[in-house]
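The next block holds one structure in the form of structure tokens; read it before the comments.
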Amino acid sequence: MKKNITKTLLTFLLMFFLLILVNAQDEKKEFKNVTLYLLSGDTVEYKLSEIKEDHINGYRRIKNKDVWKFKAYPNLDVLYYNSKSLNKNWIYKQSLEGLEFTPKFVEKYVLGKKMAKYNYKPKKYFFLGLLSGFSIGSISSFSNRGFFNTSRAPILIAAPVLTTFIVRTKSFKSKDKSEMNNKELLENEYEKGYHSVKKTKNYIGSSAGGFAGVVLSILLNNLR
């Protein structure tokens, strides 16, 4: 008797969860299938559920799999979304520095970020960081009498930071916007977006190079 009751309860629970799952799948089918264009320059396949005052809700596709995970995005991170049946629907409404909100300017800025994110490689800064880190490590451990030679840890930690001060990216400088025409303003926003990502990549590249340089100098010193 007890076994029959247990089986009945288990069957009921299984049917209940299956019903919830089916309903959830049906709800997903009613969502808008859109492509999100993020301020970072990335694009995301998205099932849009709702648009709130400060964020949007929906499901994001996981890589190239047919797996969807709930994801909310702040409106400040989303440029716009579109689909086969929809034109650009703007979410981002903030103005750029010194300019009124104009979609063309924001698109150019994000395009610059995207180009730098996927195409720019800080090889030069990694190499310069490598040289700087190697020099710092060699000086500190020269003839086992270096300033940091009592411990390897401090120099390993300090070198990446020091190399970012030695190998630096110049700040972006634009002309007076009041003297620019529309084409020049668009190009300026593109360059500004490109530079913002380039600067970050250069920082990471020089730090990684600095760390690698110190490790290399320590290894060579230990071979003596």
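Residue numbers for the sequence shown follow the numbering used here, so the first one is 58 and each next one is one higher. Each residue gets a CB set at the ideal place from its N, CA and C atoms; glycine is no exception. Owing to the predicted nature of the structure, the values given are computational and were not obtained by experimental measurement.
Measuring straight from C-alpha to C-alpha, what distance separates residue i and residue j?
| i | j | result |
| --- | --- | --- |
| asparagine 114 | phenylalanine 88 | 10 Å |
| aspartate 233 | serine 192 | 41 Å |
| glycine 98 | asparagine 278 | 44 Å |
| serine 189 | tyrosine 251 | 26 Å |
| serine 235 | isoleucine 275 | 54 Å |
| threonine 220 | leucine 187 | 9 Å |
| tyrosine 94 | threonine 100 | 5 Å |
| arginine 225 | leucine 280 | 32 Å |
| lysine 141 | tryptophan 147 | 16 Å |
| tryptophan 125 | tyrosine 175 | 25 Å |
| glycine 194 | valine 271 | 5 Å |
| lysine 145 | tyrosine 138 | 6 Å |
| lysine 104 | glutamate 246 | 30 Å |
| phenylalanine 127 | isoleucine 119 | 10 Å |
| phenylalanine 268 | proline 217 | 5 Å |
Per DSSP, which one or two residues make a beta bridge with residue i?
| i | result |
| --- | --- |
| asparagine 121 | For asparagine 121, which the question treats as bridged, DSSP gives no partner whatsoever. |
| histidine 112 | Pro131 |
| lysine 126 | Arg117 |
On the DSSP letters alone, give me the boundaries of the beta strand (DSSP E) that residue i sits inside.
| i | result |
| --- | --- |
| threonine 92 | 89-95 |
| isoleucine 108 | 100-108 |
| leucine 133 | Leucine 133 -> no beta strand (DSSP E), and no H or E assigned at all. |
Would residue i pass as a contact of residue j if the rule is Cβ separation under 9 Å?
| i | j | result |
| --- | --- | --- |
| glycine 169 | valine 254 | yes |
| lysine 258 | phenylalanine 229 | no |
What are the start and end residues of the alpha helix (DSSP H) that includes residue i?
| i | result |
| --- | --- |
| lysine 249 | 239-279 |
**Asked** Do the segment 107-123 and the segment 162-177 touch if we need at least three Cβ pairs shorter than 8 Å?
**Response** no
**Item:** Stretch pair the segment 260-267 + the segment 176-188: three plus CB contacts closer than 8 Å
**Value:** yes
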